[in-house]
Every structure is written in C-alpha cells, then in structure tokens.
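Trainee: If you read the sequences in order, they're chains A and B. Residues in the first sequence are numbered consecutively from 1, following my numbering. Residues in the second sequence are numbered consecutively from 1001, following my numbering. Take a look at this one; I'll ask things after.
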Amino acid sequence: MDNFLQQFCQQLINGISLGSIYALIALGYTMIYGIIKLINFAHGDIYMIGAYFGFFATTQLGVGFIPAIIIAMAGAAIVGIIIERIAYRPMRNAPRIAILITAIGVSFFLEYGMILLVSPQPRTFPAVFSPTVYHMGPLVANSQQLVILISALILMVTLSYIVNSTKAGKAMRAVSFDADAARLMGINIDKVISMTFALGSALAAAGGVLVGVYYNSIDPLMGMMPGLKAFVAAVLGGIGIIPGAMMGGIILGVVEAMVSGFLSSTFRDAAAFGILILILLYKPAGLLGKNVREKV
Amino acid sequence: MLRVEDINVYYGAIHAIKGISLDVPDGEIVALIGSNGAGKSTTLRTISGLMRPKTGRIMYDGEDITGVPAHKIVGKGLCQVPEGRHVFANMTVMENLELGAYLRNDKEGIAKDMEAVFEKFPRLLERKDQISGTLSGGEQQMLAMARALMSRPKLLLLDEPSMGLAPLLVKEIFNIIKEINASGTTVLLVEQNANMALSIADKAYVLETGRITLSGTAAELASSEEVRKAYLGG
Chain A
1 MDNFLQQFCQ
11 QLINGISLGS
21 IYALIALGYT
31 MIYGIIKLIN
41 FAHGDIYMIG
51 AYFGFFATTQ
61 LGVGFIPAII
71 IAMAGAAIVG
81 IIIERIAYRP
91 MRNAPRIAIL
101 ITAIGVSFFL
111 EYGMILLVSP
121 QPRTFPAVFS
131 PTVYHMGPLV
141 ANSQQLVILI
151 SALILMVTLS
161 YIVNSTKAGK
171 AMRAVSFDAD
181 AARLMGINID
191 KVISMTFALG
201 SALAAAGGVL
211 VGVYYNSIDP
221 LMGMMPGLKA
231 FVAAVLGGIG
241 IIPGAMMGGI
251 ILGVVEAMVS
261 GFLSSTFRDA
271 AAFGILILIL
281 LYKPAGLLGK
291 NVREKV
Chain B
1001 MLRVEDINVY
1011 YGAIHAIKGI
1021 SLDVPDGEIV
1031 ALIGSNGAGK
1041 STTLRTISGL
1051 MRPKTGRIMY
1061 DGEDITGVPA
1071 HKIVGKGLCQ
1081 VPEGRHVFAN
1091 MTVMENLELG
1101 AYLRNDKEGI
1111 AKDMEAVFEK
1121 FPRLLERKDQ
1131 ISGTLSGGEQ
1141 QMLAMARALM
1151 SRPKLLLLDE
1161 PSMGLAPLLV
1171 KEIFNIIKEI
1181 NASGTTVLLV
1191 EQNANMALSI
1201 ADKAYVLETG
1211 RITLSGTAAE
1221 LASSEEVRKA
1231 YLGG
C-alpha cells in the first residue's frame, strides 16, 4: 500500500509537469477558438517552431534558458501573426469547414516546410540545466520538471492578468463574445485577432522549448501528437474557456502519467483519446462549459 | 450633421436598401419608423460602418465616411446602440462601460463621464459589479445606452430602444433619450413604436421595404392619415 502511494505521488509529479505543457498549448487552441471559432490544427506545429527557435537561440546564439524562451516566444508570435494574416484572414467569411481544411493545410506546410529547412533528423536540445535530482523522501523530481512547472505557472498567471485586467484583454473578451458589438465600441477586431494569435503562439512556443529541455530531443513532426493532445485538453476543459484549458491540460497529463505508471505506457495515448470520446459523449461543452443553445 | 445620399445596400443578392437619403440636422432627434423588415436596422448598420453600401454616399460632419470601418467611425463621435442591446453579457456593468470608453485615454474624463452616466442611470450604479447578463431587459437597454455615452458621441444612433420593454420602462427610456438630446447629442432613432418615436422626434422618415415613402416633421407625420393607419393603430 505504501508502495502504491509512493508510486501515485511520483506519477502525480510527472503528470503535472507533462500536463502543464499540454495546458500551455491548449491555451492557444482555446483562445483562437474563442475569438474566430477556428480549431487551429496548425497550433501543434507552432509549438514545434517554438522549439526550433529555442534550439537555434541556444546553439547558434549561445544564450541561456530565459533569453532562449523569450526569443522562441517572440519568433513564434510573429509566425502566428503571419499565418493568420496570410491563411486565415482571407477566409474570415468562408464556411467553417473551408477554414478548418485551410488549418490542416497550414499544419502540413509547417511540418514539411521545416523538414525541408532543417532536415527531418531529430536534434539534441542542449542541456541548459545541470540535471539535478531532488529527493523528497521517497519521491524524486528533477530540475527540468521544476523549471517546467514554474515557467508554466508564471506564463499562466501572466496570461490571466492580461486577459482579465488589461484593456487589450478586455477587448479580446469583447471580440470573442460579440464581434459586431466590439466594433461599435471602436475595437479594431483585426488587431485583436492578431494579438490573440501572437499570445497563443507564444505560449505554445514556450511549451516547445520546455519540452526540448525535458526530453532533449526535437524534430519537425514533434508537434503532431502534443497538438492533438492539447486539443483534447481544450475540449475537456470547455473549448473557448481559458481556465478550462489550464485545467484540461493538467488533468490529461495526470491521467496519462497514471496510466503509464499503473498500467502500461502503451495505453497512454488510448487513455487521452478515450477521454475525448467520453467528454464528447457525456459533456460535450467540457467540464467548465455551459450548455448554451445557439442564438437564432 | 449627417447626410445619407442615395445609398443602396445588398445582402448578397437581396437588395435591402433601395436608394435611401436622409438628413439629420445638428441637435435634433430624427426618427426612422417602419415595420419589421423595412430596412431600418440595415440603414443604421450601414451608417455606423458595419455594412458597406454598394452605391451612394454617407456624409458626417462634413466628411465622407462611406466605407470607413466601424471602429474608426466610433472615434469620430458617431456611436450606435445596436438592436437587441448587445451588452457584453459575460462582463460586469463596469467593464461594459469601460469598453464604451475604449478609444479614450483621458482617465479623468472617463471617471467623470462614468459618474455622469451613473447619475443618469442610478440603477446601473446599484449593479455596477454585477455580471450584465443577469440584468433585466430594461437595465440592459440602459447599460447599452450608457456604454455608448461613454464614447462621448456627437451623434447617437439608437436601434429599437423600446424593444421588449414594459410600457413604463419605455417611457423612462424615451425620457432619457430626450435628456441626452437636450444636453447636445444629436439622435437618430429607429423605432417600430411609431407613437413614442414621433412624440419625441423633431423630424421623421417612414421606411417601407427599403424605400423612404414619407418624410416630414414629427407633427406632420403624426397627423398624416397614412401614418396613422399604418403605424399608429388608426
């Protein structure tokens, strides 16, 4: 029994650190959905782009972890803005399915564009932290896990502050709630949408760098699975709801860690997508979502 | 103050507005009346920049604002209170008012106007930290108007302010419109409730299926046989 508890707590630590990365990616999904009702399937690839920005910043520019993550976030933010401008904005009034397919196209473009640009070979992300292992009684946490947790926490608190307490954040919430009414307040919705893509992409990029630091390996297709998982996390929490994405990410991470720890890691992905099926069957609006009828 | 010159507006293939011209003189209340689907809201949406006319011109304050995007028009002092109020229901009353002042940066002026707005709508003060989706219909209408006033409009476009409200509340809302106008804001009022609209307006236009069929002073229209039959219940 003691052994079970120890294992449980250990997997909890692993799950929360993995989950905070899902949460960072899920936030972008949910924010972009909230504002233009688009499931941005290219979002996982932005996370990959972020990881590469971080990789080149550390290897080519030789900067430390914090400047690297900032460079990655800024770079991905710009990429996000450009993608919205070129691929999604012309489709603003197109049927939803058309813009969804565009997103899938953008995803492939980024994946195979990067293969062309940086080669499909996985790269070893340089160890930016000396891997210290902390023992807390029988439990172990390493320095990477702590860095992930702390960084994710700082980013989420910052995002909550921006969304809830700044003028730009209020404009974002206004556009997401009622775009026409927001325009009548003098809000330039194009600008707000660009800002949302920038913020969401920056968070995903931070997730990419953190994963690089954690697993030490990055490749151009690394965004596929985490992108899908983060999508599950966003749906789990209630798509369009920011605290929901944070919660969904953490829950998903913990469930995956528990399944890997107690059953087998081969069931990990099945568990994640099982959650998606269950939530769609029993609570399609997500854990924090309310069932709202479409306005007519 | 506002001159609409022969505008034509389409929804896809549907010709919604067929050559409308309007004149809204500085300091007056002008009413646009007509039945459901006559094109009243479309006219307002076109003036405030949410829609573009295919042909025609919209002159505001001596400037051609045809095709200028909505968010830029607000900055020129032309603000619309949309039909159905469209308050940000997931935000508090205060946050809604702050968004009304979105384009302004004078903190002191905003605080002052906030006080003035609360004086005009004391019910909103009682509910200032309440989520606005929980307000009653009348309170939401007040909030939508208060929010528009926060942008310091020179010309206020009101779309169906009486919609869905009890008669007593309608009276209250119309008294407030008169007050707003008396303090120097020009008003273009769209209403199905022709009686109320004509009672406070200086001038009015009657809109039918995308065309203006009658116009004149409010008194003239109120006594016109046609208007009485069609809109004032005999």
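Even for Gly, the Cβ is constructed at its ideal location relative to N, Cα and C.
Of all the residues that make up the stretch 1056 to 1080 of chain B, which are near chain A by a beta-carbon distance shorter than 9 Å?
Mentor: Pro-1069, Ala-1070, His-1071, Lys-1072, Ile-1073, Val-1074, Gly-1075, Cys-1079, Gln-1080
Trainee: Shorter than 8 Å from the beta carbon of A/Ile-277 to some beta carbon of chain B?
Mentor: Position 277 of the first sequence, counted from the start, is the residue given in the question as residue 277 of chain A. Cβ-Cβ to chain B under 8 Å: no for A/Ile-277.
Trainee: Use the C-beta contact count for A/Phe-8: other C-beta atoms within 10 angstroms, 16 or more gives buried, fewer gives exposed.
Mentor: Counting from one through the first sequence, the residue named residue 8 of chain A turns up at place 8. Classification for A/Phe-8: exposed.
Trainee: Leaving aside the five residues before and after B/Gly-1137 along the sequence, list all residues of the same chain whose C-beta is less than 7 Å from its C-beta, in chain order.
Mentor: Translated into the one-based positions of the second sequence, residue 1137 of chain B becomes position 137. Hits under 7 Å: Gly-1164, Leu-1165.
Trainee: On a Cα-Cα basis, can you pick out the residue from A/Val-255, A/Asp-219, A/Ala-174, A/Met-91 that is closest to B/His-1086?
Mentor: As a first step, residue 1086 of chain B must be located in the second sequence, where it is residue number 86. Comparing Cα positions, the closest option is A/Ala-174.
Trainee: For the stretch 33 to 47 of chain A, list every residue whose C-beta sits within 8 Å of some C-beta in chain B, in sequence order.
Mentor: none
Trainee: Any C-beta of chain B sitting closer than 8 Å to the C-beta of A/Lys-229?
Mentor: Position 229 of the first sequence, counting from 1, holds the residue named residue 229 of chain A. Answer no: the Cβ-Cβ gap between A/Lys-229 and chain B never drops below 8 Å.
Trainee: Can you check which of these residues, A/Arg-268, A/Ile-189, A/Val-259, is closest to A/Gly-169 by C-alpha distance?
Mentor: Reading the first sequence from its first residue, position 169 is the one you call residue 169 of chain A. If we check each option's Cα against that of A/Gly-169, A/Ile-189 comes out closest.
Trainee: In chain B, what lies closer than 8 Å to A/Phe-177 by C-beta?
Mentor: For this step, residue 177 of chain A is matched to residue 177 along the first sequence. Taking the beta carbon of A/Phe-177 as reference, the chain B residues within 8 Å of it are Phe-1088, Ala-1089, Asn-1090, Met-1091, listed in sequence order.
Trainee: Taking the alpha-carbon positions, what's the B/Ile-1200 to B/Thr-1209 distance?
Mentor: Position 200 of the second sequence, counted from the start, is the residue given in the question as residue 1200 of chain B. Position 209 of the second sequence, counted from the start, is the residue given in the question as residue 1209 of chain B. Whole-angstrom Cα-Cα distance: 24 Å.
Trainee: Going by the beta-carbon positions, is the gap between A/Ser-17 and A/Ile-154 smaller than 8 Å?
Mentor: For the purposes of this step, residue 17 of chain A is identified with residue 17 of the first sequence, where counting begins at 1. For the purposes of this step, residue 154 of chain A is identified with residue 154 of the first sequence, where counting begins at 1. Contact: no.
Trainee: Comparing the C-beta of B/His-1015 with each C-beta of chain A, is any distance below 8 Å?
Mentor: Numbered from 1 along the second sequence, position 15 holds the residue referred to as residue 1015 of chain B. Answer no: the Cβ-Cβ gap between B/His-1015 and chain A never drops below 8 Å.
Trainee: Determine, using beta carbons only, whether A/Asn-142 and A/Pro-131 come nearer to each other than 8 Å.
Mentor: Position 142 of the first sequence, counted from the first residue, corresponds to residue 142 of chain A. Position 131 of the first sequence, counted from the first residue, corresponds to residue 131 of chain A. In contact: A/Asn-142 and A/Pro-131 (Cβ atoms closer than 8 Å).
Trainee: Kindly list the residues whose CB is nearer than 7 Å to the CB of A/Gly-238, restricted to its own chain and excluding five residues on each side of it in sequence; keep chain order.
Mentor: Working through the first sequence from its first residue, we reach residue 238 of chain A at position 238. Within the same chain, A/Gly-238 has close Cβ partners Gly-244, Ala-285, Gly-286, Leu-287, Leu-288, Gly-289.
Trainee: Would you mind working out which of B/Glu-1225, B/Met-1091, B/Lys-1040 sits nearest B/Tyr-1205, comparing C-alpha positions?
Mentor: On the second sequence, residue 1205 of chain B is found 205 positions in, with the first residue counted as 1. Put simply, of B/Glu-1225, B/Met-1091, B/Lys-1040 the residue whose alpha carbon is nearest the alpha carbon of B/Tyr-1205 is B/Lys-1040.
Trainee: According to a CB-to-CB cut-off of less than 8 Å, which residues of the stretch 91 to 115 of chain A neighbour chain B?
Mentor: none
Trainee: Taking three-plus beta-carbon pairs below 8 Å as touching, is the stretch 257 to 266 of chain A in contact with the stretch 85 to 95 of chain A?
Mentor: Short answer: they don't touch.
Trainee: Listing by chain order, which chain A residues have their CB less than 8 Å from the CB of B/Pro-1082?
Mentor: The residue you call residue 1082 of chain B lines up with position 82 of the second sequence. The contacting residues are Asp-180, Ala-181, Leu-184.
Trainee: Closer than 7 Å by C-beta to B/Ala-1016: which residues in its own chain qualify, once you throw out the five before and the five after it? Chain order, please.
Mentor: Along the second sequence, read from residue 1 onward, the residue named residue 1016 of chain B stands at position 16. The residues are Val-1009, Tyr-1010, Gly-1039, Thr-1042, Gly-1210.
Trainee: Closer than 7 Å by beta-carbon distance: list the chain B residues that pair up with A/Arg-85, in chain order.
Mentor: Translated into the one-based positions of the first sequence, residue 85 of chain A becomes position 85. Under the 7 Å cutoff, chain B gives no residues; its nearest Cβ is about 17 Å from A/Arg-85.
Trainee: Under three-state DSSP, which class holds A/Glu-294?
Mentor: Walking along the first sequence from the start, residue 294 of chain A turns up at place 294. Model confidence at A/Glu-294 stands at a pLDDT of 46, short of 50, so the residue's coordinates are unreliable; what they give is reported in the following sentence. The answer is coil: DSSP assigns A/Glu-294 none of H, G, I, E or B.
Trainee: Specify, as a first and last residue, the run of the alpha helix (DSSP H) that A/Cys-287 falls within.
Mentor: Indexing the first sequence from 1 puts residue 287 of chain A at position 287. Here residue 287 of chain A turns out to be Leu, not Cys, going by the sequence shown. No alpha helix (DSSP H) holds A/Leu-287; DSSP gives it neither H nor E.
Trainee: To the nearest angstrom, report how far apart A/Ile-193 and A/Tyr-161 are at their CA atoms.
Mentor: Reading the first sequence from its first residue, position 193 is the one you call residue 193 of chain A. Reading the first sequence from its first residue, position 161 is the one you call residue 161 of chain A. Approximately 18 Å, taken between the alpha carbons.
Trainee: On the three-state DSSP scale, how would you describe B/Arg-1211?
Mentor: Here residue 1211 of chain B is taken as the residue at index 211 of the second sequence, counted from 1. The answer is strand: DSSP assigns B/Arg-1211 an E or B state.
Trainee: Return the CA-CA distance between A/Ala-178 and A/Leu-61, expressed in angstroms with no decimal places.
Mentor: In the first sequence, residue 178 of chain A corresponds to position 178, counting from 1. In the first sequence, residue 61 of chain A corresponds to position 61, counting from 1. Reading the sequence as shown, one finds Asp at residue 178 of chain A and not Ala. Spanning the two alpha carbons is a distance of roughly 44 Å.
Trainee: Checking contacts by CB at 8 Å: is A/Arg-173 closer than that to chain B?
Mentor: The count along the first sequence starts at 1 and reaches residue 173 of chain A at position 173. Output row for A/Arg-173: interface = yes.
Trainee: Taking only beta-carbon positions, decide if A/Ile-187 is within less than 8 Å of chain B.
Mentor: By one-based count along the first sequence, residue 187 of chain A stands at place 187. Yes, its Cβ sits closer than 8 Å to a Cβ of chain B.
Trainee: So if DSSP puts B/Thr-1092 in a beta bridge, which residue, or which two residues, is it bridged to?
Mentor: As a first step, residue 1092 of chain B is located in the second sequence; it is residue number 92 there, counting from the start. In the DSSP output, where bridge partners are listed per residue, B/Thr-1092 has B/Ile-1131.
Trainee: Are there 16 or more other CB atoms within 10 angstroms of the CB of B/Thr-1186, so buried, or fewer, so exposed?
Mentor: Residue mapping note: residue 1186 of chain B aligns to position 186 of the second sequence, counting from 1. Under this definition B/Thr-1186 is a buried residue.
Trainee: Looking only at its chain, what residues have a beta carbon closer than 8 Å to the beta carbon of B/Met-1051, apart from the 5 residues adjacent to it on each side?
Mentor: Position 51 of the second sequence holds residue 1051 of chain B. Closer than 8 Å at Cβ, skipping near neighbours: Val-1009, Thr-1042, Arg-1045.
Trainee: Taking all protein chains shown into account, decide if A/His-43 is buried (16 or more other Cβ within 10 angstroms of its Cβ) or exposed.
Mentor: Against the first sequence, residue 43 of chain A aligns to sequence position 43. By the 10 Å Cβ count, A/His-43 comes out buried.
Trainee: I believe B/Asn-1096 touches B/Arg-1152 by the beta-carbon criterion, under 8 Å. Please report the beta-carbon distance rounded to the nearest angstrom.
Mentor: Reading the second sequence from its first residue, position 96 is the one you call residue 1096 of chain B. Reading the second sequence from its first residue, position 152 is the one you call residue 1152 of chain B. Contact flag wrong, Cβ pair sits at about 16 Å.
Trainee: What number of angstroms, rounded off, separates the C-alpha of A/Glu-294 from the C-alpha of A/Arg-96?
Mentor: What you label residue 294 of chain A is simply residue 294 of the first sequence in a count that begins at 1. What you label residue 96 of chain A is simply residue 96 of the first sequence in a count that begins at 1. Since pLDDT at A/Glu-294 reaches only 46, below the 50 mark, its modelled position is unreliable, and no value is offered.
Trainee: Got a sec: which bits of the stretch 1035 to 1048 of chain B sit with their beta carbon under 8 Å from any beta carbon on chain A, in order along the chain?
Mentor: Ser-1048
Trainee: Report the three-state DSSP secondary structure of A/Ile-187 (helix, strand or coil).
Mentor: As a first step, residue 187 of chain A must be located in the first sequence, where it is residue number 187. DSSP places A/Ile-187 outside both helix and strand once states are collapsed to three, so it counts as coil.
Trainee: Between the alpha carbons of A/Asn-3 and A/Ala-171, how many angstroms are there, rounded?
Mentor: Counting from one through the first sequence, the residue named residue 3 of chain A turns up at place 3. Counting from one through the first sequence, the residue named residue 171 of chain A turns up at place 171. Between A/Asn-3 and A/Ala-171, the C-alpha separation is close to 51 Å.
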